[in-house]
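Counting in the numbering used here, the sequence shown runs from 148 upward without gaps.
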Amino acid sequence: MKLEMIQVDAFTDKVFTGNSAAVVFLEDWLPDQVLQGIALENNLAETAFLKPSGDEWDIRWFTPTDEVPFCGHATLASACALHLRKGVERTMRFSTREVGDLKVAPQHGGYRMDIPRFDPDYAIPDDALVNGLRDDGWVRLFRNRENFFVELASEATLRAYQPDLPHIAKLGSFGLCITARGSDCDFVSRYFAPGAGIPEDPVTGSTHATLAPYWTEKLGKTTLAARQLSARGGVLGCEVAGNRVYLTGQAVIYMDATIHLP
């Protein structure tokens with residue numbers, strides 16, 4: 148069996164930056180252990196698998212260790228692959244198992260992605276592990292359905308932050324996102340999910356489903372510019388409207404490949 152795979156750098160306009168995702172085209176779902184094996188072999192933050200469903204696509208995402216319920220950058224990468232390699236010019240709708248439908252439309256040399264809004268939850272569990280993540284320099288701790296978030300005092304503090312990855316890994320499937328007011332944009336962030344096989348994610352679309360509403364409330368504006376300050380870096384536009392968040396960004400194809408399965 149041969150499978151077509153496209154590797155895309157998302158939330159960037161040039162290769163070797165942004166966040167890499169593999170996009171694998173399927174005619175039907177393969178066994179989960181095969182999908183997980185492909186993701187492990189790719190050893191990227193996420194591999195997206197697409198199966199056509201009428202005029203739409205079913206989508207699933209796998210890290211090297213687990214299937215995840217929501218991934219923004221690999222969805223953007225999927226839209227880029229469909230647009231540039233399959234000639235899809237219209238809005239693309241992706242059906243997910245846990246977060247409803249996601250839509251991505253080509254726009255002005257990039258893409259506009261429609262994702263659900265997950266407001267910050269300030270009710271933090273009172274357990275030793277979560278409280279052990281606290282630091283005197285942290286401004287506020289909050290969470291959503293799959294991550295803990297911390298606002299730091301400044302972008303400089305965020306850049307200098309040294310994560311205790313073994314301790315963060317004890318959160319299991321939860322990740323840790325740190326954020327601060329940006330010096331040349333509205334806000335910045337970094338994201339760590341060692342429990343899911345991702346020590347530091349280069350650019351994380353899904354965290355902005357919560358970051359955008361959080362900074363909208365703090366800054367009093369619904370359109371924001373964001374940067375993720377990983378080593379590779381990424382740029383995202385954010386707009387909060389009703390129960391949705393709209394992310395804009397660019398993406399570029401790095402590699403066309405063929406997977407050979409026995």
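Cβ coordinates follow ideal geometry from the N, Cα and C atoms, glycine included.
Asked	Found
Continuous beta strand (DSSP E) stretch holding ASP274: start and end	Careful: ASP274 lies outside any beta strand (DSSP E) and carries neither H nor E.
Run of the beta strand (DSSP E) containing TYR338, from where it starts to where it stops	334-340
Rounded separation between SER353 and LEU371 - CA only	16 Å
Beta strand (DSSP E) segment containing LEU323, residue limits	322-328
For LEU229, the first and last residue of its enclosing alpha helix (DSSP H)	219-233
Inter-residue CB distance, PHE241 and ILE206 (contact presumed, cutoff 8 Å)	4 Å
Residue-level contact to chain B via CB, LEU191, 9 Å cutoff	Note that chain B does not occur in the displayed structure, where there is just one protein chain.
For HIS355, the first and last residue of its enclosing alpha helix (DSSP H)	355-366
Test item: CB-CB of GLY197 and LEU173 under 9 Å	Going by the sequence as given, residue 197 is Leu instead of Gly. Yes.
Residue closest to GLY284, alpha-carbon to alpha-carbon, out of ALA224, LEU305, GLN375 and ALA398	LEU305
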